[in-house]
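Numbering (our numbering), first residue to last: 399 to 734.
Structure below.
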């Protein structure tokens, strides 16, 4: 039975249910157990934003606080995955991935291939991403494109509570390393989520709104901006088809291709930078596979190619806005 819970609660519930189902699942990271054993109310803790709150009390010994050493505990998580456990490691921010990049892209991502398919590395690395919180350039980036580029990694970007739970359960059960990314702005978002356990398969995009005029492909938080624009434009007679890829590796290009071949117009909304981005990746794919179907130039709505500003006025300009998305849609719709 479904009920409304937040994105944050959906992630917590996925962790709780998988830990109850499978004793090999462990959670590790900075303050995920709130310094268990120290004086105080452990239930008040659970990572920087409380996503793992309450898990230590339910699963003692399997929720592990770590030192402030991302390279150390991500390496430990990868090693544990190679030895029969299913670790879910929490990095506070995606920006800290650089500290432990070797463990991710040069170790975890390579083991299955280098050992002829005999090695399994079922590790999930969770991290927050995204701008909008006045956290400046070192705590606000969208780096999913970097990990999408690396063979051997699976990259997940849920845009709503339902997908967050189902995709995290799928991630934990997967036998390959998964980068699971959560936009900070989505933690309080509410949605219908079943109480029971379920999975959302990798590589299957969601068509969140149907339409025949313009295809909009959006990632993460931007899906919700695109939905707002789609609702607004529908009242003006413009029918947008909005596609949420949900995972960037594997990527469901077939759903995007089918839509663009029908609409002939494509807008891609990506909070990351324009160079070597998911927006440019999708644009290149469609230009190669469906150039003849296009009725207008592809439009990319992205952040500019600059670091995330700290100043509130500049950060607000930095983030792709519904107004910019609507302008791009109307540009392709009215192109002659």
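Even for Gly, the Cβ is constructed at its ideal location relative to N, Cα and C.
Does the beta-carbon of residue 670 have 16 or more other beta-carbons within 10 angstroms, so that it is buried, or is it exposed?
buried
Does the region 558-575 come close enough to the region 652-662 to have 3 or more Cβ pairs within less than 8 Å?
The region 558-575 and the region 652-662 do not touch, with fewer than 3 CB-CB distances between them shorter than 8 Å.
Hey, which unbroken runs of the alpha helix (DSSP H) at 4 residues or more fall wholly within the region 508-542?
Segments of the alpha helix (DSSP H) lying fully in the region 508-542: 509-512.
Does the contact criterion of 3 or more C-beta pairs under 8 Å hold for the region 447-458 versus the region 469-479?
no
Taking C-beta to C-beta, are residue 606 and residue 559 nearer than 8 Å?
Not closer than 8 Å, so no.
Are the Cβ atoms of residue 727 and residue 680 separated by less than 8 Å?
no
In this structure, does DSSP put residue 644 in helix, strand or coil?
When secondary structure is reduced to three states using DSSP, residue 644 falls in the coil class, being assigned neither helix nor strand.
What does residue 607 pair with, by DSSP beta-bridge criteria?
Residue 607 is bridged to 640.
Examine the Cβ distances between the region 629-636 and the region 714-734 and report whether three or more of them are shorter than 8 Å.
yes
Thinking C-alpha only, which one of 575, 619, 583, 431 is nearest residue 454?
431
Expressed to the nearest angstrom, what Euclidean distance is found between the alpha-carbon atoms of residue 642 and residue 580?
Taking the straight line joining both Cα atoms gives about 15 Å.
State buried or exposed for residue 650, treating a residue as buried only when at least 16 other CB atoms are found within 10 Å of its CB.
buried
Please say whether residue 614 and residue 667 have beta carbons closer to each other than 8 Å?
Between residue 667 and residue 614, the CB-CB gap stays under 8 Å.
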